[in-house]
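Visitor:
Number of protein chains: 2
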Amino acid sequence: MIPENPIIGIIGGKGRMGRWFHNFFSSSGLEVLISDIDTHLSSEEVAHQSDFLIFSLPMDVFPEVVEKIAPLVPEHKAITDLCSLKERQVACMLKHSKSQVIGTHPLFGPAEEEIKGRRVALCPGRGGEWLKWWSDLLTQHGAIVTNVLPSEHDRIMAWVQALNHFILLSLGKALEDEGMDLHHVVALSTPSFERQMEIVGRLCKQDPALYSKIQMANPYTDKALSSFMEHGSKLMDIIHTKNNDKFISIFEEVQHFGKVLLQTKEEKT
Amino acid sequence: MIPENPIIGIIGGKGRMGRWFHNFFSSSGLEVLISDIDTHLSSEEVAHQSDFLIFSLPMDVFPEVVEKIAPLVPEHKAITDLCSLKERQVACMLKHSKSQVIGTHPLFGPAEEEIKGRRVALCPGRGGEWLKWWSDLLTQHGAIVTNVLPSEHDRIMAWVQALNHFILLSLGKALEDEGMDLHHVVALSTPSFERQMEIVGRLCKQDPALYSKIQMANPYTDKALSSFMEHGSKLMDIIHTKNNDKFISIFEEVQHFGKVLLQTKEEKT
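Quick look at the structure:
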């Protein structure tokens, strides 16, 4: 039922991720049709002429485009998206379509050269054939693909993306405010802090507008940030009151958590 | 004035860092005398018989041992320490000695196999000859040595060590509380979060009791933690009120800060 060389359609094909996947499919030998502002083809034409249709759009314009375009795709074809959140996005695609539906979240940005070793979350929506095709194609190119429920995806992203960036931004702003001589800071970095600064440095590659949406549109963000800040407040109290025993027990708990996490990671690889 | 093969004394030579440096000097071909609980030599004997005397002690017992032993060291010899803080420690060594004085902070733990590429902070205390000898020896073995004022050292350490660990502990505890399936967390990590989890994992190698002292004994810790938490609170408000423009401008400020930091690092290497 899936053609040997399906035609790929990308709506929003001129955006950074759209271009990244255009290149990915082209170099896999597949024909790609794109639509965007100022393209030869309209989104409707791309929807009619392609077998596997990708909505590569900013999350705020995504719903209206899906509402207009998804109904044009027949049952035996498939639609997917590249949004950083999945719960509302997969529900939106399901609502407006009769085709097969997959939620896709590439867990990397357009600065990555290749997909090898990069992670991709897939949320099964409707139908299994195109899901298998898509998952196989990504895996063949070395991506680490994980199937996950849309709600579970968004909950995990509140930690992996929203809280992580929240910490990096708060740390960066606090460091900037302190106005230390950065030559000294660099010269006196521990291996741990050096790694932390590398992560702050990586923010340069990210798109602030996208990350603003990721923070604000994910309903699970609040809980992740609040939990972190509450643990921070408790820990500050422990340090203020010089409660050595309590500090040590928290340190040991996190050491244990870290060990379990590293073991889980090793099992995976 | 400095003998060709000075005899090294290590008070606290059986501790983890004491053993690490014992091994470092031995493999450099230097004779090392140690004292500790249950050693053949007493600390007084080590002080009398060595040329370069290192206090490798927990910070809470450091002052009383220095008060007793440092006065035994003559002017033309030198004392140093390995404490993670330097302002009170260097002042304490200066107060109780007439010898040359250097504050040493190896910015790595005893889990590191070699000193090559690792950073060492040196705080000049009294006299320059042994400082030069010590700095040269460390540099010959590939260490990156930086001279810094004790107060500036402690201020930077409040960020590099105290705040960094504060963040990792708060993050670890919050993640542990959430009780997510860690297989999913690992499978859905972005490159940035993956690195963050590696840093949390590295806490396993650290000594909780030492880090408790580093948090609580550094007078600059309070300001670093408070500043971070204040920026966190402000950022939470910005996210709660969905202030997209303000979030983006903070993101861009931190991107700029990160760029400057990376440039500073590149200049250094």
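For the protein sequence lines, the chains are V and B, in the order given. Each residue of the first sequence is one higher than the one before, starting from 1 at the first, in this note's numbering. Each residue of the second sequence is one higher than the one before, starting from 270 at the first, in this note's numbering. Glycine residues also receive a C-beta, built at the ideal position from the N, C-alpha and C atoms.
(1) If you reduce the DSSP assignment to three classes, tell me which class P6 (chain V) lands in.
(2) Can you give me the Cβ contacts of E67 (chain V) inside the same chain, cut-off strictly under 6 Å, excluding the 5 residues immediately before and after it?
(3) What do you reckon, are the CB atoms on K442 (chain B) and I199 (chain V) nearer than 8 Å?
(4) Put S42 (chain V) into one of helix, strand or coil per three-state DSSP.
(5) What did DSSP end up calling I384 (chain B) once you bin it into helix, strand or coil?
(6) Identify each residue in the region 469–486 of chain B for which the Cβ-Cβ distance to at least one residue of chain V is less than 7 Å, and report them in chain order.
(7) Going along chain V, which residues have a C-beta under 7 Å from E546 (chain B)?
(8) Quick check on G128 (chain V): buried or exposed, where buried means 16 or more other Cβ atoms within 10 Å of its Cβ?
(9) Tell me which residues share the same chain as I156 (chain V) and place their Cβ nearer than 8 Å to its Cβ, disregarding the 5 neighbours each side in the sequence.
(10) Would you call R16 (chain V) buried or exposed, if buried means 16 or more other Cβ atoms sit within 10 Å of its Cβ?
(11) Along the alpha helix (DSSP H) that carries V414 (chain B), what are the first and last residues, could you check?
(12) Tell me, to the nearest whole angstrom, how far the beta carbon of L302 (chain B) is from that of S319 (chain B); I am working on the premise that it is less than 8 Å.
(13) Please list, in chain order, the residues of the region 439–456 of chain B that have any C-beta partner in chain V closer than 7 Å.
(14) Just mark V315 (chain B) as buried or exposed, buried being the case when its beta carbon has 16 or more other beta carbons within 10 Å.
(15) Cα separation between F377 (chain B) and T146 (chain V)?
(16) According to DSSP, is I517 (chain B) part of a helix, a strand, or is it coil?
(17) Please identify the residue among B:K492, B:P375, B:R387 whose C-alpha is closest to the C-alpha of D273 (chain V).
(18) Could you work out which residue in V:T80, V:Q255, V:G103, V:F166 is closest to K474 (chain B) when comparing CA atoms only?
(19) Take the Cβ of N5 (chain V) as the centre, count every other Cβ of all protein chains shown within 10 Å, and call the residue buried at 16 or more, exposed below.
(20) Indicate the three-state DSSP secondary structure (helix, strand or coil) for C558 (chain B) in the structure shown.
(21) At a CB-CB cut-off below 9 Å, which residues of chain B make contact with R195 (chain V)?
(22) Where does the unbroken beta strand (DSSP E) through F324 (chain B) begin, and where does it stop?
(23) Tell me which residue opens and which closes the beta strand (DSSP E) that Q100 (chain V) is part of.
(24) So is L82 (chain V) in contact with chain B if we call contact Cβ pairs under 8 Å?
(25) What does the Cβ neighbour count give for D154 (chain V), buried or exposed, with the cut at 16 atoms within 10 Å?
(26) From the DSSP secondary-structure annotation, give me the bridge partner or partners of C123 (chain V).
(27) Report yes or no: do the region 178–194 of chain V and the region 500–515 of chain B share at least 3 C-beta pairs separated by less than 8 Å?
(28) Pick from V:E253, V:L72, V:I11, V:I102: whose alpha carbon is nearest that of V61 (chain V)?
(29) To which residues of the same chain is L437 (chain B) closer than 8 Å at the C-beta, ignoring the five residues directly before and after it?
(30) What does Q524 (chain B) reach in chain V if we use C-beta pairs closer than 8 Å?
Guide: So, from the data block:
(1) Mapped onto the first sequence, residue 6 (chain V) falls at position 6. DSSP places P6 (chain V) in coil when its eight states are reduced to three.
(2) Indexing the first sequence from 1 puts residue 67 (chain V) at position 67. Excluding sequence neighbours, E67 (chain V) sits near H96.
(3) By one-based count along the second sequence, residue 442 (chain B) stands at place 173. By one-based count along the first sequence, residue 199 (chain V) stands at place 199. No, they are not a contact pair.
(4) Position 42 of the first sequence, counted from the start, is the residue given in the question as residue 42 (chain V). Looking at S42 (chain V) - three-state DSSP - the assignment turns out to be coil, as it is neither helix nor strand.
(5) Walking along the second sequence from the start, residue 384 (chain B) turns up at place 115. DSSP places I384 (chain B) in coil when its eight states are reduced to three.
(6) V469, G470, R471, L472, C473, P477, A478, Y480, S481, Q484, M485
(7) Shown here, chain B extends from 270 to 538; a query on residue 546 (chain B) therefore has no answer.
(8) As a position in the first sequence, residue 128 (chain V) is number 128, starting the count at 1. So G128 (chain V) counts as exposed.
(9) For the purposes of this step, residue 156 (chain V) is taken as the residue at position 156 of the first sequence. Counting only Cβ-Cβ distances below 8 Å, and skipping sequence neighbours, we find V148.
(10) Walking along the first sequence from the start, residue 16 (chain V) turns up at place 16. By the 10 Å Cβ count, R16 (chain V) comes out exposed.
(11) Here residue 414 (chain B) refers to the residue found at position 145 of the second sequence. Unbroken run through V414 (chain B) is the beta strand (DSSP E), 413–416; no alpha helix (DSSP H).
(12) Stepping through the second sequence from its first residue, residue 302 (chain B) is reached at position 33. Stepping through the second sequence from its first residue, residue 319 (chain B) is reached at position 50. Right, their Cβ atoms sit about 5 Å apart.
(13) S439, L440, G441, K442, A443, L444, E445, D446, E447, M449, L451, H452, H453, V454, V455, A456
(14) Position 46 of the second sequence, counted from the first residue, corresponds to residue 315 (chain B). Its Cβ being crowded by 16 or more others within 10 Å, V315 (chain B) is buried.
(15) Counted from its first residue, the second sequence places residue 377 (chain B) at position 108. Counted from its first residue, the first sequence places residue 146 (chain V) at position 146. F377 (chain B) and T146 (chain V): Cα-Cα distance of roughly 37 Å.
(16) Here residue 517 (chain B) refers to the residue found at position 248 of the second sequence. Note: I517 (chain B) maps to helix in three-state DSSP.
(17) The structure shown has nothing for residue 273 (chain V), since chain V only spans 1 to 269.
(18) Along the second sequence, read from residue 1 onward, the residue named residue 474 (chain B) stands at position 205. Ranking V:T80, V:Q255, V:G103, V:F166 by Cα distance to K474 (chain B) puts V:Q255 first.
(19) Counting from one through the first sequence, the residue named residue 5 (chain V) turns up at place 5. N5 (chain V) comes out exposed.
(20) Lying before the first or after the last residue shown, residue 558 (chain B) is absent from chain B, which here runs from 270 to 538.
(21) Stepping through the first sequence from its first residue, residue 195 (chain V) is reached at position 195. What R195 (chain V) touches in chain B: R464, Q465, E467, I468, R471.
(22) Taking the second sequence and counting its residues from 1, the one referred to as residue 324 (chain B) is at position 55. Where F324 (chain B) is concerned, the enclosing beta strand (DSSP E) stretches over 321–324.
(23) Here residue 100 (chain V) corresponds to residue number 100 of the first sequence, with the count starting at 1. 100–106 is the span of the beta strand (DSSP E), which, as asked, contains Q100 (chain V).
(24) Your numbering for residue 82 (chain V) matches position 82 in the first sequence. Not one chain B Cβ lies under 8 Å of L82 (chain V).
(25) Locating residue 154 (chain V) in the first sequence gives position 154, where the first residue counts as 1. So D154 (chain V) counts as buried.
(26) Position 123 of the first sequence, counting from 1, holds the residue named residue 123 (chain V). DSSP, once it has assigned bridges, lists V:G103 as partnering C123 (chain V).
(27) no
(28) Translated into the one-based positions of the first sequence, residue 61 (chain V) becomes position 61. It is V:I11.
(29) Residue numbering aside, residue 437 (chain B) sits at position 168 when the second sequence is read from its first letter. Here the set comprises I468, V469, L472.
(30) The residue you call residue 524 (chain B) lines up with position 255 of the second sequence. Chain V residues near Q524 (chain B): L203, C204, Q206, P208.
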